[in-house]
Amino acid sequence: MAWSMSPKDTGLGVSMSPIEITGLNKRQQILADIIWGIDDWPQVEIFINSLSKRDKIDCEGIIEMMRMSLVEQYAEAMKKDGLIKDEYADAKRLIEKVKR
4 MAWSMSPKDT GLGVSMSPIE ITGLNKRQQI LADIIWGIDD WPQVEIFINS
54 LSKRDKIDCE GIIEMMRMSL VEQYAEAMKK DGLIKDEYAD AKRLIEKVKR
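Here you go:
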């Protein structure tokens, strides 16, 4: 199953798409919703420490997937907004040219 959530405001003026994490079961989706809803990292740590070992491991994986998704989304948004150059743009154009 996929979990999807709109990113929180970065305050950096970059427009970001909702993040999506696929492959989570219902229990993991609930954990992801809870983690995402907590605004303060120490509170996230308190929540995770209150869980069973299995849920703690799941939360660590969910948080890592959230981080990866946010970094990917942020980089794409920055490229789209022209804040960073796509360092592979020339290579992508060449590949497309060769494909034709």
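Okay, so the sequence shown: first residue is 4 according to this note's numbering, each after it adds one. C-beta atoms are modelled at their ideal positions from N, C-alpha and C, and glycine is treated no differently.
(message) If you follow the beta strand (DSSP E) that Glu90 is in, where does it begin and where does it stop?
(response) Working through the sequence shown from its first residue, we reach residue 90 at position 87. Segment: none, Glu90 is in no beta strand (DSSP E) and carries neither H nor E.
(request) With a threshold of 6 Å, establish whether the CB of Ser55 neighbours any heavy atom of the ligand GTP. (result) As presented, the structure is devoid of all ligands, the ligand GTP included, so that no description of it is given.
(message) Suppose contacts are defined by Cβ-Cβ distances below 7 Å. Is Val47 in contact with Ile60 by that definition?
(response) Translated into the one-based positions of the sequence shown, residue 47 becomes position 44. Translated into the one-based positions of the sequence shown, residue 60 becomes position 57. Result no, Cβ atoms of Val47 and Ile60 do not sit closer than 7 Å.
(message) In this structure, how does DSSP classify Asp24 when only helix, strand and coil are distinguished?
(response) As a first step, residue 24 is located in the sequence shown; it is residue number 21 there, counting from the start. Reading the sequence as shown, one finds Ile at residue 24 and not Asp. In the structure shown, Ile24 falls within a strand segment according to DSSP collapsed to helix, strand and coil.
(request) Measure the alpha-carbon distance for Lys56 versus Leu34 and round it to whole angstroms. (result) Against the sequence shown, residue 56 aligns to sequence position 53. Against the sequence shown, residue 34 aligns to sequence position 31. Answer to the nearest angstrom: the Cα atoms are 14 Å apart.
(request) Leaving aside the five residues before and after Ala92 along the sequence, list all residues of the same chain whose C-beta is less than 8 Å from its C-beta, in chain order. (result) For the purposes of this step, residue 92 is taken as the residue at position 89 of the sequence shown. Within the same chain, no residue comes within 8 Å of Ala92 by CB-CB distance, once the 5 residues on both sides are set aside.
(request) Please classify Ala94: is it buried, with 16 or more other beta-carbons within 10 angstroms of its beta-carbon, or exposed? (result) Residue mapping note: residue 94 aligns to position 91 of the sequence shown, counting from 1. Per the 10 Å Cβ criterion, exposed.
(request) Compare the C-alpha of Cys62 against each of Ser72, Ala80, Arg70 and Ile51 and name the closest. (result) Residue 62 sits at position 59 when you count from the first residue of the sequence shown. Residue nearest to Cys62 within the set Ser72, Ala80, Arg70 and Ile51 is Ile51 (criterion: CA-CA distance).
(request) Figure out for me which residue from Leu97, Ile41, Lys102 and Val101 has the closest Cα to the Cα of Ile66. (result) What you label residue 66 is simply residue 63 of the sequence shown in a count that begins at 1. The shortest C-alpha separation from Ile66 is found at Ile41.
(message) Give me, in chain order, the residues of the same chain whose beta-carbon lies closer than 8 Å to that of Met69; leave out the 5 immediate sequence neighbours on both sides.
(response) Your numbering for residue 69 matches position 66 in the sequence shown. Counting only Cβ-Cβ distances below 8 Å, and skipping sequence neighbours, we find Ile22, Ile24, Ala35, Ile38 and Trp39.
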